């Protein structure tokens, strides 16, 4: 099937702030003919930001909870190879 890869920002918006997604992005993500995909690199990026001691203007979501939620909602995880 067709897969659609979401970057880190779109993953956060899809999970926590879907109203921030464009109409086109929502349609692509919600289209049952497509499988939404996220990269493990996005989870790593969030884990690094989540672990930073300094307060951020908008703290990132807990990467473990986000990953579990994405997988539970039909997202596919794209691994990394060298």
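Residue numbers (our numbering): 97 to 178.
Don't be surprised by glycine CBs; every beta carbon is placed ideally from N, CA and C.
From a predicted model like this one, the values you see are computed outputs, not experimental measurements.
For residue 153, no alpha helix (DSSP H) encloses it, and the DSSP letter there is neither H nor E.
For residue 167, the closest C-alpha among the options 136, 154, 121 is that of 136.
In this structure residue 138 is buried. Its beta-carbon is surrounded by 16 or more other beta-carbon atoms within 10 angstroms. By the CB criterion at 9 Å, residue 109 and residue 101 fall outside the cutoff. Short of 7 Å from the beta carbon of residue 121, and not among the five residues preceding or following it, lie these beta carbons of its own chain, in chain order: 106.
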